[in-house]
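S.K.: Input: one structure, supplied below.
Residue numbers (the numbering used here): 25 to 929.
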């Protein structure tokens, strides 16, 4: 057999003369080549003059290609990979073999590729392709890495089963892990990767990744030289990420990360620029590592330069906006201390996509292609004259608008929320608003919404926008079980937040449920031995499909049983509660389209049958609650509804019943004096005398002690009859106001500011404040009383059940609350959003307006954690410390733990 080609290393240049017959005798380890070498040596003397030129090979017809070596693919597949076919013409040596080798190497599956001549018969040739496949990964094991990081590292390194194992994979894996830990301050991290052959599977290896992260490298000291205008502490303070060791550094540790350190050097210069020192620079810096102490010492030499001021500021090239308007928007005047950082921010604030800067002034009004450059044109006596050079460019228009990534949500649900319309003038503000609106739907990962600019054509003045979306789970399940109230309580709740009601009867739409139309459907069942509750709700955000008018409805039914003397359910004592509500809400255009006006009508019916409770003083009868609710709200929070970073939400709602007493002509204040509402004896007492020695017959009037009275005016009031009359149709009005703001403080740190107020009033003081719709203040704020529609107001650091209400669990008619909450995201991934928080808050609950004082509140502070998972909603835990005494006590409350399920504060 004659040798044709032998290639051993990936970095061999296939175009070089190694392709020739004369260079292939270096593979003498091959038996066939050794024999061939001996034959050829005895026949000819090989030297430079004997070499066959690359372009003078002989042409053959390919008869067969045999594949040998360490392989798992079948022979025909490999020959196909090589691009060879039986019967084709090939030149030996020539381009065909060279190209085949290139194709095989390009697959990245092999570490050894050799072609040999197996047999030549006339003008036919048979070849042998000897290759060795790279091994594949069977299992990988990490040593020295915490379990919490294993999943992320495995994913990022892509060390999955059947992965091709080569030197590049090992090197990139090692570098990735070392760099990852270096970014966390472990600068001495060492990674050793060992592969061993898997004896159970052919051509597979097992990998062990040994990680020794060592100890964190701390910054012992930061020395500043050359500074006279700022103290050492202020310069160190400008270094946000690199801190020297100190007990004061709680939020930022003293770890050393090279990339962050370089950013901090820029921050120092920015601090000087913000205060007029345009020429400030760091002449030199040194980082000295003490290996024994595992600590770093940093030394900075600063040259501050002179302090400068702004001189004349002229605008050139502007025709759309006047100099006066641009100067006002710039916000910098002649004589101001030179501030290079502020100048950049006022031209284009990269930290705020919707910032109030000159670039956005143009881009929000169609000038996508505009450029604005500040140029220093003169410096004299520390005065810097500036020219703001504007190239406005042509107006730009949105051309093609597309959406990708919505695998479940129907296109129309997304497109109706888009503010960017084909043919409209380009607006950056509109683009950002669209991102917010898509995020607020709750069907997509808000952190992954990405608009791509495509086919940007300044000549035509058009741009295409493609929104890249990532669907996330939109349905939630609630499954609970526990023991309470004398028996087992079970709860099953289902919430489908992207439902499609129109496809509910289409079998092919169930995957596993009809989804994609943006509707919300909720079902909830709860029951035990003494009660059952069933509820249903549905909402359509675009009722009719043409305008942003939402429709919502809900139904609920509860059957509650009383208890007998053994504290078991007595089905002869029951109360049935039926409730229904219908609502509609419209997005307004004035004052702006963040406002929503909503209307709702609700009805509750209470039917009591021999049922005694603390809520009603009568055991038989009915009570009804028919109310109209109107609300005005404005919500421009963004972008992530789980973790807003900007914007605010305001809401003002009023809930009103009919003023029945105004047109009934009945004097409710005189009920207790009327004969019909006086207390009568209802039991047979003929065999006993009352306290005055009288026999009391059924139907006789009695006083509060059960003694017979002759005149009904001396009888006690029958409270059950009075309340039955008062509460037959509930009469009240209820006002609520809530305002919250979200402000990004620094980096990802967000401040939530909250204030709220509630008041429950009566039209007729004779009827008084109803025992329904009240505010129960204190505790975790979860849920509410389904019997009374009372609202639980969350004040962490205090116990539940109205610990801060004057009337306890029965609630009060007035409250106010104030809260500050700092939030920091740990992760905002699609699978789970997690953020930590710390808070201070206070609230007051009042029995009437005479005692109302918004500054007399119970205060608390604490910290907590929130976890949002699409399938289960919001979960969390808070640790709050109440600084004041709850109602009815004199001792401050202290620490409380609150578990949060399904509610966002």
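Don't be surprised by glycine CBs; every beta carbon is placed ideally from N, CA and C.
Given a cut-off of 7 Å on the beta-carbon distance, is the pair residue 625 and residue 892 in contact?
M.R.: Position 601 of the chain shown, counted from the first residue, corresponds to residue 625. Position 868 of the chain shown, counted from the first residue, corresponds to residue 892. No, Cβ-Cβ distance for residue 625 and residue 892 is not below 7 Å.
S.K.: Going by C-alpha distance, which of 763, 678, 679 is nearest residue 672?
M.R.: If you number the chain shown from 1, residue 672 lands on position 648. The shortest Cα separation from residue 672 among 763, 678, 679 belongs to 763.
S.K.: Could you work out which residue in 92, 740, 679, 735 is closest to residue 23 when comparing CA atoms only?
M.R.: Because the chain spans 25 through 929 in this model, residue 23 falls outside it and cannot be assessed.
S.K.: Take the Cβ of residue 729 as the centre, count every other Cβ of all protein chains shown within 10 Å, and call the residue buried at 16 or more, exposed below.
M.R.: Within the chain shown, the letter at position 705 stands for residue 729. By the neighbour-count rule (16 or more Cβ atoms within 10 Å), residue 729 is not buried but exposed.
S.K.: Helix, strand or coil for residue 207? Go by DSSP, reduced to three states.
M.R.: Against the chain shown, residue 207 aligns to sequence position 183. DSSP places residue 207 in coil when its eight states are reduced to three.
S.K.: Taking Cβ positions, are residue 205 and residue 196 nearer each other than 7 Å?
M.R.: By one-based count along the chain shown, residue 205 stands at place 181. By one-based count along the chain shown, residue 196 stands at place 172. In this structure, residue 196 does not lie closer than 7 Å to residue 205 by Cβ.
S.K.: Please go through the same chain and pick out, in chain order, the residues whose beta-carbon is closer than 6 Å to the beta-carbon of residue 758, but skip the five residues on each side of it.
M.R.: Working through the chain shown from its first residue, we reach residue 758 at position 734. If we look at residue 758 and ignore the five residues flanking it on each side, its Cβ neighbours are 679, 784, 797.
S.K.: Determine the extent of the beta strand (DSSP E) in which residue 642 is found, giving its start and end residues.
M.R.: As a working mapping, residue 642 is identified with position 618 in the chain shown. Careful: residue 642 lies outside any beta strand (DSSP E) and carries neither H nor E.
S.K.: Looking at C-alpha atoms only, which residue of 208, 627, 659 is the closest neighbour of residue 647?
M.R.: Translated into positions along the chain shown, residue 647 becomes position 623. When only C-alpha atoms are compared, the closest one is 627.
S.K.: Taking all protein chains shown into account, do 16 or more other C-beta atoms lie within 10 angstroms of the C-beta of residue 260, making it buried, or fewer, making it exposed?
M.R.: Against the chain shown, residue 260 aligns to sequence position 236. Label assigned to residue 260: buried.
S.K.: For the alpha helix (DSSP H) containing residue 105, list its first residue and its last residue.
M.R.: To locate residue 105, count along the chain shown from 1; it is residue 81. Here the alpha helix (DSSP H) through residue 105 covers 99–106.
S.K.: Would you decide whether residue 791 is buried or exposed? Buried here means 16 or more other CB atoms lie within 10 Å of its CB.
M.R.: Within the chain shown, residue 791 is the residue found at index 767, counting from 1. Buried.
S.K.: Cβ atoms of residue 782 and residue 799: under 7 Å apart, would you say?
M.R.: If you number the chain shown from 1, residue 799 lands on position 775. If you number the chain shown from 1, residue 782 lands on position 758. For residue 799 and residue 782, yes; Cβs fall inside 7 Å.
S.K.: Taking residue 224 as the reference, which of 405, 166, 162 has the closest Cα?
M.R.: Position 200 of the chain shown holds residue 224. The candidate whose alpha carbon is nearest that of residue 224 is 162.
S.K.: For residue 486, which residues in the same chain have their Cβ closer than 6 Å to its Cβ, ignoring the five residues on either side in sequence?
M.R.: On the chain shown, residue 486 is found 462 positions in, with the first residue counted as 1. So the qualifying residues of the chain are 421, 423.
S.K.: Spatial neighbours of residue 111 within its chain, please: C-beta separation below 7 Å, excluding the five flanking residues on both sides.
M.R.: Here residue 111 corresponds to residue number 87 of the chain shown, with the count starting at 1. Once the five neighbours on either side are set aside, the close Cβ partners of residue 111 are 85, 86.
S.K.: Assign residue 63 to one of three DSSP states: helix, strand, or coil.
M.R.: Start at 1 with the first residue of the chain shown, and residue 63 comes out as number 39. With a pLDDT of 32 at residue 63, under the threshold of 50, the modelled position of this residue cannot be trusted; read the value that follows with caution. Reduced to three states, the DSSP call for residue 63 is helix.
S.K.: Which word fits residue 839, buried or exposed, when buried means at least 16 other C-beta atoms lie within 10 angstroms of its C-beta?
M.R.: Your numbering for residue 839 matches position 815 in the chain shown. It is buried - the Cβ of residue 839 has at least 16 other Cβ atoms within 10 Å.
S.K.: Give every residue of the same chain whose Cβ lies closer than 6 Å to the Cβ of residue 469, excluding the five residues on either side of it in the sequence, and list them in chain order.
M.R.: Counted from its first residue, the chain shown places residue 469 at position 445. Closer than 6 Å at Cβ, skipping near neighbours: 494, 496, 854.
S.K.: Apart from the five residues on each side of it in sequence, which residues of its chain come closer than 6 Å, Cβ to Cβ, to residue 339?
M.R.: Taking the chain shown and counting its residues from 1, one reaches residue 339 at position 315. If we look at residue 339 and ignore the five residues flanking it on each side, its Cβ neighbours are 347, 350, 412.
S.K.: For the beta strand (DSSP E) containing residue 496, list its first residue and its last residue.
M.R.: In the chain shown, residue 496 corresponds to position 472, counting from 1. Note, residue 496: premise wrong, no beta strand (DSSP E); not H, not E.
S.K.: Assuming residue 618 contacts residue 659 under a Cβ cut-off of 8 Å, what Cβ separation, rounded to an integer in Å, is found between them?
M.R.: To locate residue 618, count along the chain shown from 1; it is residue 594. To locate residue 659, count along the chain shown from 1; it is residue 635. 6 Å between Cβ atoms; contact.
S.K.: Return the residue from the list 912, 281, 251 that minimises the CA-CA distance to residue 869.
M.R.: Position 845 of the chain shown, counting from 1, holds the residue named residue 869. That would be 912, whose Cα lies nearest to the Cα of residue 869.
S.K.: Can you have a look at residue 238 and say buried or exposed, based on whether 16 or more other CB atoms are within 10 angstroms of its CB?
M.R.: One-based indexing of the chain shown puts residue 238 at position 214. When all chains shown are included, residue 238 counts as exposed.
S.K.: Per DSSP, what kind of secondary structure is residue 187 in: helix, strand or coil?
M.R.: On the chain shown, position 163 is the one that residue 187 refers to. It is coil, neither helix nor strand.
S.K.: Whole angstroms is fine: what's the gap from residue 287's alpha carbon to residue 106's?
M.R.: For the purposes of this step, residue 287 is taken as residue 263 along the chain shown, with counting starting at 1. For the purposes of this step, residue 106 is taken as residue 82 along the chain shown, with counting starting at 1. Straight-line Cα distance between these residues: approximately 50 Å.
S.K.: With a 10 Å radius around its C-beta and 16 neighbouring C-beta atoms as the bar for buried, classify residue 699 as buried or exposed.
M.R.: What you label residue 699 is simply residue 675 of the chain shown in a count that begins at 1. When all chains shown are included, residue 699 counts as exposed.
S.K.: Just to check my reading of the structure: residue 157 and residue 134 have Cβ atoms closer than 8 Å, yes? What is that Cβ distance to the nearest angstrom?
M.R.: Residue numbering aside, residue 157 sits at position 133 when the chain shown is read from its first letter. Residue numbering aside, residue 134 sits at position 110 when the chain shown is read from its first letter. Yes, they are in contact, since the Cβ atoms of residue 157 and residue 134 sit about 6 Å apart, within 8 Å.
S.K.: Run through the DSSP bridge pairs and tell me what residue 153 is partnered with.
M.R.: Residue mapping note: residue 153 aligns to position 129 of the chain shown, counting from 1. 91, 139.
S.K.: So, residue 881 versus residue 866, is the Cβ gap smaller than 7 Å?
M.R.: Here residue 881 refers to the residue found at position 857 when the chain shown is read from its first residue. Here residue 866 refers to the residue found at position 842 when the chain shown is read from its first residue. Yes; because the gap between Cβ atoms is below 7 Å, this pair is in contact.
S.K.: Under DSSP, the alpha helix (DSSP H) around residue 686 begins and ends at which residues?
M.R.: Sequence index remark: in the chain shown, residue 686 carries index 662 (1-based). From DSSP, the alpha helix (DSSP H) with residue 686 extends over 684–688.
S.K.: From residue 636 to residue 591, what distance separates their C-alpha atoms?
M.R.: One-based indexing of the chain shown puts residue 636 at position 612. One-based indexing of the chain shown puts residue 591 at position 567. Rounded to whole angstroms, residue 636 to residue 591 spans 14 Å at the Cα level.
S.K.: Can you tell me where the alpha helix (DSSP H) with residue 296 in it begins and where it stops?
M.R.: Position 272 of the chain shown, counted from the first residue, corresponds to residue 296. From DSSP, the alpha helix (DSSP H) with residue 296 extends over 282–298.
S.K.: Hey, residue 620 and residue 657 are a contact pair by Cβ (cut 8 Å); roughly how many whole angstroms apart?
M.R.: As a position in the chain shown, residue 620 is number 596, starting the count at 1. As a position in the chain shown, residue 657 is number 633, starting the count at 1. Yes, they are in contact, since the Cβ atoms of residue 620 and residue 657 sit about 5 Å apart, within 8 Å.
S.K.: Going by other Cβ atoms of all chains shown within 10 Å of its Cβ, with 16 needed for buried, is residue 311 buried or exposed?
M.R.: Against the chain shown, residue 311 aligns to sequence position 287. That one is exposed.
S.K.: Compare the beta carbon distance of residue 267 and residue 257 with 7 Å and say whether it is the shorter of the two.
M.R.: By 1-based counting over the chain shown, the position of residue 267 is 243. By 1-based counting over the chain shown, the position of residue 257 is 233. The answer is no: Cβ separation not under 7 Å.
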